[in-house]
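Visitor: Numbering (my numbering), first residue to last: 13 to 238.
For glycine and all other residues, C-beta sits at the position ideal for the given N, C-alpha and C.
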DNA sequence: GACCAGGCACATC
DNA sequence: GATGTGCATGGT
């Protein structure tokens, strides 16, 4: 029940979360385009608001890469307004779209044939695409086995003793990747489950009430974290 | 009214 | 390098 290795603890977390919430079947979007667009729109934003924006884009016929390239920024901003930060996100979406057309001829599916590390570097070079957005696109739109770290993963890992106060995105990402099988479906489901428990129990306040991970507060040996 | 939400870039010290 | 701030809507 209280494994003392990071691998054992992460496996136990996963099983407890799966038991509590069942398979999440993420990402909540049907197409690669929708997932990539959603990854930018959801930056520091409630998913419900992102859904409104995506509905607007769909209704306007703007959920494909040619339409996103051609739509006027002012019009795009109007469509994604419910997602908040709409001027900023308009620029970020345009940056992503311009990159796709400039570097990959507008062919998003062709990205599946790239070396994952090279693709990640390219995504990170786009202004407005940071590590979480890049990893979300890689994992959920392109099935690349890369673990997505977000505010919830950080909070869950901290509250349950997996990691200390100070850490970087890459350190937390490595904690999961180094201690779990390198499988996209597992990373996919695990991140989704963390968001599920996070939304319900792992908010900044109150702390973890009724959380299915309650009691999983074992301090993993520091040496085991690599 | 305060706080929160699948971040990120940029300024300033 | 660390630390602070702007960006914005909609729900609780």
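If you draw a straight line from the C-alpha of residue 201 to the C-alpha of residue 88, how long is it?
Guide: As a position in the first chain, residue 201 is number 189, starting the count at 1. As a position in the first chain, residue 88 is number 76, starting the count at 1. One C-alpha to the other measures close to 31 angstroms.
Visitor: Do the region 196-212 and the region 158-173 make contact, defined as three or more Cβ pairs closer than 8 angstroms?
Guide: yes
Visitor: Rounded to a whole number of angstroms, what is the C-alpha to C-alpha distance between residue 24 and residue 107?
Guide: Indexing the first chain from 1 puts residue 24 at position 12. Indexing the first chain from 1 puts residue 107 at position 95. Cα-Cα distance, rounded: 40 angstroms.
Visitor: Report buried or exposed for residue 132, applying the criterion of at least 16 other Cβ atoms within 10 angstroms of its Cβ.
Guide: Along the first chain, read from residue 1 onward, the residue named residue 132 stands at position 120. Buried, because 16 or more other Cβ atoms sit within 10 Å of the Cβ of residue 132.
Visitor: Report the rounded CA-to-CA distance for residue 238 versus residue 143, giving the unit in angstroms.
Guide: If you number the first chain from 1, residue 238 lands on position 226. If you number the first chain from 1, residue 143 lands on position 131. The predicted position of residue 238 is uncertain, since its pLDDT is 31 and thus under 50; no value can be drawn from it.
Visitor: From the DSSP output, in three-state form, read off residue 127 for me.
Guide: By one-based count along the first chain, residue 127 stands at place 115. If DSSP states are grouped into helix, strand and coil, residue 127 belongs with coil.
Visitor: Just mark residue 14 as buried or exposed, buried being the case when its beta carbon has 16 or more other beta carbons within 10 Å.
Guide: By 1-based counting over the first chain, the position of residue 14 is 2. Residue 14 should be labelled exposed.
Visitor: What separation, rounded to the nearest whole angstrom, lies between the Cα atoms of residue 136 and residue 34?
Guide: Residue numbering aside, residue 136 sits at position 124 when the first chain is read from its first letter. Residue numbering aside, residue 34 sits at position 22 when the first chain is read from its first letter. Looking at the two C-alpha atoms, the distance is approximately 32 angstroms.
Visitor: Evaluate the contact criterion for the region 77-95 versus the region 109-117: three or more CB pairs, one atom per stretch, below 8 angstroms.
Guide: yes
Visitor: Run through DSSP, which three-state label would residue 25 get?
Guide: Your numbering for residue 25 matches position 13 in the first chain. Per DSSP, reduced to three states, the secondary structure at residue 25 is helical.
Visitor: Measuring CB atoms only, is the region 92-100 touching the region 42-59, in the sense that at least three cross pairs come out at less than 8 angstroms?
Guide: yes
Visitor: State yes or no: is the C-beta of residue 128 within less than 7 angstroms of the C-beta of residue 102?
Guide: In the first chain, counting from the first residue as 1, residue 128 sits at position 116. In the first chain, counting from the first residue as 1, residue 102 sits at position 90. No, the pair does not count as a contact, with Cβ atoms beyond the cut-off.
Visitor: Cα separation between residue 73 and residue 48?
Guide: On the first chain, position 61 is the one that residue 73 refers to. On the first chain, position 36 is the one that residue 48 refers to. Looking at the two C-alpha atoms, the distance is approximately 16 angstroms.
Visitor: With DSSP collapsed to three states, give me the class of residue 162.
Guide: What you label residue 162 is simply residue 150 of the first chain in a count that begins at 1. Correct three-state label for residue 162: coil.
Visitor: Could you check where the alpha helix (DSSP H) with residue 143 kicks off and where it finishes?
Guide: The sequence position of residue 143 within the first chain is 131, counting from 1. Looking at the DSSP string, the run of the alpha helix (DSSP H) that includes residue 143 is 143-148.
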